[in-house]
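Visitor:
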Amino acid sequence: MQLYTAPRAPNPRRVTMFMAEKSITGIHLVPVDLNAQEHKNDAFRAKSPLAKVPALELDDGRVLTETRAICTYLEGLVQEPNLMGRDFEERAFIEMADRRVEWYLFAGIGQCIRHTHPGLAALEQPQFPDFGASEGHKMRDVARWLDRELAHQPYVAGERFTIADITAFCALEFARGLMKFQPGAEDMPHLQAYRDRIAERPSARAF
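Under the working numbering, the letters of the sequence shown match residues -7 to 199, in that order.
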């Protein structure tokens, strides 16, 4: 299998962190240069029609795109450690937590960066700085909610590490790098402590 990825891009990092947590090896990583627009060439679009990374090419030639779909496949391939729920009830609550951080935290961070950071101008045309700034304010409302959650539970979905923590951590790291977002400096001590704790996991430093 081959995983098409991109250095420093947060969604591919979610997949490689998921792989590291499960000790999955043997998947060849193929870098895609986003700044050079390699994701928009015909060869890559044949694998990922919407020109998005990551994309997992299976041994039979089929291609899975979308981060969570790829992780679902890998969860079935290597079932332990379990990261997505052991039964339907736990799966539902973990997915709820994961979707919350993906759509309301991660997406806001992404929109803020894509529309306000000059380094992303080549990937986001046209940029709408006012929209990006608005998304930056909205994501902080979600971050404050998450800070309150983490005041009484160790992980995003509750008592154990799951895919929701991978999503949250990669979102926070993306914001830390390109938005200079430091939760502790904005009166979110629980979120900062959480970020620092997850950063110590070997998977956070993988690939």
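Here a beta-carbon is modelled for each residue, glycine too, at the ideal position from N, C-alpha and C.
Decide if the region 4 to 21 is in contact with the region 70 to 77; the criterion is three or more beta carbon pairs, one per stretch, under 8 Å apart.
Guide: The answer is yes - the region 70 to 77 touches the region 4 to 21, with three or more Cβ pairs under 8 Å.
Visitor: Taking Cβ to Cβ, would you say D139 is nearer than 8 Å to L183?
Guide: yes
Visitor: Looking only at its own chain, which residues have a Cβ that is under 6 Å from the Cβ of A47, when we skip the five neighbours before and after it?
Guide: Y(-4), K39, S40, V55, T57
Visitor: I need the DSSP call for G56, collapsed to helix, strand or coil.
Guide: It is worth fixing the name first, because residue 56 is Leu in this sequence and not Gly. Strand at L56.
Visitor: Assuming D90 and T159 form a contact by the criterion Cβ under 8 Å, report the distance between their Cβ atoms to the nearest whole angstrom.
Guide: 5 Å
Visitor: What residue from A167, E67, L21 has the CA that sits closest to Q103's CA?
Guide: A167
Visitor: Using 8 Å as the threshold, is the C-beta distance between A196 and F173 below it?
Guide: Taking C-beta atoms as the reference points, A196 and F173 fail to come closer than 8 Å.
Visitor: Look up P23 in the DSSP assignment and say whether it is helix, strand or coil.
Guide: In the structure shown, the three-state DSSP call for P23 is strand.
Visitor: Tell me, to the nearest whole angstrom, how far the beta carbon of T59 is from that of N3; I am working on the premise that it is less than 8 Å.
Guide: 5 Å
Visitor: Between L66 and F123, is the Cβ-Cβ spacing less than 8 Å?
Guide: no
Visitor: Starting from T(-3), follow the beta strand (DSSP E) in both directions and report where the run begins and ends.
Guide: -6 to -3
Visitor: Could you check whether the region 176 to 193 touches the region 142 to 150, counting it as contact only if at least three pairs of C-beta atoms, one from each stretch, sit closer than 8 Å?
Guide: In short, these stretches touch, since the Cβ pair count reaches three.
Visitor: At which residue ranges does the region 152 to 178 contain complete beta strand (DSSP E) runs of 3 or more residues, listed in the order of the chain?
Guide: none
Visitor: Might you give, ordered along the chain, the residues of its own chain that have their beta carbon closer than 7 Å to the beta carbon of A(-2), omitting 5 neighbours on each side?
Guide: Excluding five sequence positions before and after A(-2), the CB atoms of its chain that fall closer than 7 Å to its own CB belong to P4, P23, V24, L26, V45, given in chain order.
Visitor: Report yes if the CB atom of Q(-6) is closer than 8 Å to the CB atom of H20, and no otherwise.
Guide: yes
Visitor: Rounded to a whole number of angstroms, what is the C-alpha to C-alpha distance between G150 and A35?
Guide: 42 Å
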